[in-house]
Amino acid sequence: MDEITLKNLFAPEGMAALTRLCGYLGAAFAIGMAAVGTGVGNGHTADEACSGMTRQPAAKDSILRLMLISQAVTESAAIFALVISLLLIFGSNALPSLEKALALLAAGVSVGFGAAGAALGSGLTGANACKGLARHPRTQGALTVTMLTAQAVVQTSVVFALVVALILIISSFPGNSFIRAMALLGAGISAGFGAIGPGIGTGLAGSQAVDGVSRNPSASALLTRTMLLGQAVAQSTSIYSLVIALLLIFAI
Amino acid sequence: MIQLSSLPGMGEFAGRWVEALSRPPLPSLSRSLSRIPLVAAEGLEGIGTVPQWVFSVAGVEVRINVLPLVMAWLIMAFWVILAWWGTRRLKERPGPLQTVLELLVGAFDDLCRDTLGRRGRKYMPLVTTLFLFIVVANVIGVFPGLEEPTKDMNTTLAFALVVFVVVHTSGIYYKRSRYFVELFEPMIEIGGLKIPNLFMFVLNVVGEMGKVISHAFRLFGNILGGSIIVLVISMLTRNFALPIFLKAFLGLGIGIIQAFVFAMLALTYIAVAIVED
């Protein structure tokens with residue numbers, strides 16, 4: 001690939017290099033942005049777990065356990081991004097083209113930004129769960145169940161981003177139309193950026209729900225139901241982004 | 253350039269995944285998706301060949317992914333035999349197996365009754381079975397030679413569709429006409445008059461579809477992601493030590509949590525559909 005320069009990168013002979021290059025760039029976007037959200041979210045959970053142990057040292061084992069469970073779930077957003085990165089780096093480019101190149105970049109952007117929002121949101125939920133456990137150690141069961149449900153819903157947005165990224169990676173886009181290539185990039189941006197807000201927003205809803213469960217455990221069923229309804233509305237914007245992303249991929 | 257396919261087993265793995273993914277439920281999607289193997293085919297003719305059972309019924313080609321099917325039946329056999337063995341001679345003072353089974357079933361019984369009230373008993377078998385099946389399905393990969401059936405999207409989508417059907421039929425059964433009215437909420441209010449909001453209807457229906465997608469893909473993505481990461485790290489570290497711990501974290505840790513999450517989401521979806529405030 002030595003003879004490929006910036007001048008002929010967009011020419012037919014440079015397409016293989018361009019596709020590979022965009023794949024690498026996408027991989028960097030995916031894991032880089034995911035690391036931002038996951039790092040902050042996990043750190044926030046650990047922060048609250050530490051201050052909770054200060055307040056309630058007797059509950060240190062259960063707080064530690066809850067923190068690790070929460071961090072494992074938060075981590076799964078980063079796992080999605082890591083998988084997409086690995087596929088982008090090691091996967092083959094059987095049919096290099098301008099459209100395929102931008103599709104690979106879009107896949108990385110999609111899952112990277114999506115993971116950032118979702119991980120931050122589930123970190124917020126986990127943080128308040130640790131805080132609540134320190135406040136009221138006997139609510140452990142209800143707290144864990146509510147926290148896991150909330151975090152699962154928070155991750156819906158990154159799951160949508162993952163769906164878009166997988167479609168972009170495994171589909172074949174043989175054409176070289178510039179407009180279609182940009183539409184594919186737009187699909188990735190739509191799915192990725194659209195997942196940031198719902199991820200953080202549903203995380204806020206979840207964090208207050210687990211806070212409520214720790215204050216009033218008898219209302220946990222009502223709280224979970226209300227939380228889920230609110231999160232469904234907050235989540236609807238990420239569904240719009242998913243619809244737009246699929247339209248950009250399949251209708252343009 | 254290191255190729256994923258240089259790893260033993262990776263070729264058929266990627267092929268199976270492509271095959272499984274390239275037949276999504278929507279026909280318009282499947283037309284657009286290609287059958288190009290994900291991994292470079294340099295010197296690896298085996299890529300894209302998956303253990304599929306192909307036959308034709310009335311001229312229509314039918315393909316069945318054999319491996320997830322066999323694993324699913326293995327897991328079912330495991331639970332049937334365990335349940336039969338554990339409940340063969342029930343005792344007042346239970347032995348170890350009976351204690352474990354009682355703890356499992358009792359915990360889920362409490363959860364369902366806490367969430368659904370007096371209707372909890374009706375849904376307890378479904379939720380418990382989902383958890384029991386998926387938890388074994390997710391951790392089965394730590395045994396050599398066995399593969400997680402939840403790594404195949406067909407399996408997870410089937411579970412999500414089962415939950416979807418149960419949620420909505422129970423919603424219609426318990427709420428009758430109010431169930432359909434709720435699809436139009438929040439309504440537009442003009443001078444005390446409530447007008448059904450058609451825009452919200454579309455959004456609510458799309459949201460319900462989104463629940464199925466996210467429910468299925470959350471499990472699928474976590475389990476598939478775990479196995480891809482273990483394979484790649486195994487290759488990069490030449491199978492030295494690290495993959496074992498990764499497998500423990502991704503297979504046992506994430507696998508058990510995701511199985512519980514799947515069952516809990518099914519339970520909360522049911523609760524939202526049937527519980528009236």
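As you go down the protein sequences, you meet chains R and S in turn. Going by the working numbering, the first residue of the first sequence is number 1, and it counts up by one from there. Going by the working numbering, the first residue of the second sequence is number 253, and it counts up by one from there. Ideal placement from N, C-alpha and C gives every residue a C-beta, glycine not left out.
- Taking C-beta pairs closer than 9 Å, name the residues in chain S that F160(R) reaches, listed in chain order. Locating residue 160(R) in the first sequence gives position 160, where the first residue counts as 1. Within chain S, the residues near F160(R) are G462, I465, S466 and F469.
- Item | Reduced DSSP category for L517(S) - H, G, I as helix; E, B as strand; rest coil | Taking the first residue of the second sequence as 1, we reach residue 517(S) at position 265. The answer is helix: DSSP assigns L517(S) an H, G or I state.
- Straight-line Cα distance separating V391(S) from I508(S): Counting from one through the second sequence, the residue named residue 508(S) turns up at place 256. Counting from one through the second sequence, the residue named residue 391(S) turns up at place 139. About 7 Å.
- Query: Can you tell me the Cα-Cα spacing of G186(R) and A106(R), whole angstroms?
  - Reply: Position 186 of the first sequence, counted from the start, is the residue given in the question as residue 186(R). Position 106 of the first sequence, counted from the start, is the residue given in the question as residue 106(R). Rounded to the nearest angstrom, the two C-alpha atoms are 7 Å apart.
- Message: Along the chain, where does the alpha helix (DSSP H) containing Q481(S) start, and where does it finish?
- Response: Within the second sequence, residue 481(S) is the residue found at index 229, counting from 1. Correcting the residue identity first, residue 481(S) is Ile in this sequence and not Gln. From DSSP, the alpha helix (DSSP H) with I481(S) extends over L450 to L488.
- Message: If you reduce the DSSP assignment to three classes, tell me which class E528(S) lands in.
- Response: For this step, residue 528(S) is matched to residue 276 along the second sequence. Coil, per DSSP.
- Message: Just to confirm, is the Cβ distance from A324(S) to T407(S) under 8 Å?
- Response: Numbered from its first residue, the second sequence carries residue 324(S) at position 72. Numbered from its first residue, the second sequence carries residue 407(S) at position 155. Yes, the Cβ-Cβ distance between A324(S) and T407(S) is below 8 Å.
- Leaving out the 5 sequence neighbours to the left and right, which residues in its chain are closer than 6 Å to P198(R) when beta-carbon positions are compared? For the purposes of this step, residue 198(R) is taken as the residue at position 198 of the first sequence. S157, A234, Q235, T237 and S238.
- Counting along the chain, where does the beta strand (DSSP E) carrying L445(S) start and finish? As a first step, residue 445(S) must be located in the second sequence, where it is residue number 193. Its beta strand (DSSP E) spans residues L445 to I447.
- Within this structure, are the beta carbons of C22(R) and A101(R) separated by less than 8 Å? Position 22 of the first sequence, counting from 1, holds the residue named residue 22(R). Position 101 of the first sequence, counting from 1, holds the residue named residue 101(R). Cβ distance < 8 Å, so C22(R) and A101(R) count as in contact.
- Counting pairs of Cβ atoms below 8 Å between the stretch 163 to 176 of chain R and the stretch 226 to 233 of chain R, do you hit three or more? no
- Message: Spatial neighbours of R135(R) within its chain, please: C-beta separation below 6 Å, excluding the five flanking residues on both sides.
- Response: Taking the first sequence and counting its residues from 1, the one referred to as residue 135(R) is at position 135. Counting only Cβ-Cβ distances below 6 Å, and skipping sequence neighbours, we find S214.
- Message: Is there a C-beta anywhere in chain R that falls below 8 Å from the one on V433(S)?
- Response: On the second sequence, position 181 is the one that residue 433(S) refers to. It does not: the Cβ of V433(S) has no partner Cβ on chain R nearer than 8 Å.
- Task: Select from the stretch 111 to 143 of chain R all residues with a C-beta closer than 7 Å to any C-beta belonging to chain S, and list them in chain order.
- Result: none
- Kindly give me the distance between the Cβ atoms of E75(R) and T38(R), rounded to whole angstroms, as I take these residues to be in contact under 8 Å. As a first step, residue 75(R) is located in the first sequence; it is residue number 75 there, counting from the start. As a first step, residue 38(R) is located in the first sequence; it is residue number 38 there, counting from the start. Rounded, the Cβ-Cβ distance is 6 Å, consistent with contact.
- Query: If we ignore side chains and look at the alpha-carbon of each, how far apart do I170(R) and A142(R) end up?
  - Reply: Your numbering for residue 170(R) matches position 170 in the first sequence. Your numbering for residue 142(R) matches position 142 in the first sequence. Each residue's alpha carbon lies about 41 Å from the other.
- Task: Determine whether the Cβ of A523(S) lies closer than 8 Å to any Cβ atom of chain R.
- Result: Along the second sequence, read from residue 1 onward, the residue named residue 523(S) stands at position 271. Output row for A523(S): interface = yes.
- Taking R65(R) as part of the alpha helix (DSSP H), name the residues at either end of that continuous run. As a position in the first sequence, residue 65(R) is number 65, starting the count at 1. K60 to F90 is the span of the alpha helix (DSSP H), which, as asked, contains R65(R).
- Could you tell me which residues DSSP puts in a beta bridge with F307(S)? Along the second sequence, one-based indexing puts residue 307(S) at 55. Looking at the DSSP assignment, F307(S) forms a beta bridge with V314(S).
- Message: I need the straight-line Cα distance from L184(R) to I506(S), nearest angstrom please.
- Response: For the purposes of this step, residue 184(R) is taken as the residue at position 184 of the first sequence. For the purposes of this step, residue 506(S) is taken as the residue at position 254 of the second sequence. The straight-line gap from Cα to Cα measures roughly 32 Å.
- Cβ separation of T202(R) and V154(R), assumed to be a contact under 8 Å, to the nearest whole Å: In the first sequence, residue 202(R) corresponds to position 202, counting from 1. In the first sequence, residue 154(R) corresponds to position 154, counting from 1. Indeed they touch by this definition, with Cβ atoms about 5 Å apart.
- Report the rounded CA-to-CA distance for E528(S) versus S220(R), giving the unit in angstroms. Locating residue 528(S) in the second sequence gives position 276, where the first residue counts as 1. Locating residue 220(R) in the first sequence gives position 220, where the first residue counts as 1. Computed Cα separation, rounded: 15 Å.
- Message: If you reduce the DSSP assignment to three classes, tell me which class I327(S) lands in.
- Response: Start at 1 with the first residue of the second sequence, and residue 327(S) comes out as number 75. Three-state result, I327(S): helix.
- Query: Hey, quick one: how far does the alpha helix (DSSP H) through T424(S) stretch, first residue to last?
  - Reply: Translated into positions along the second sequence, residue 424(S) becomes position 172. It is worth fixing the name first, because residue 424(S) is Ile in this sequence and not Thr. Start and end: M405 to K427.
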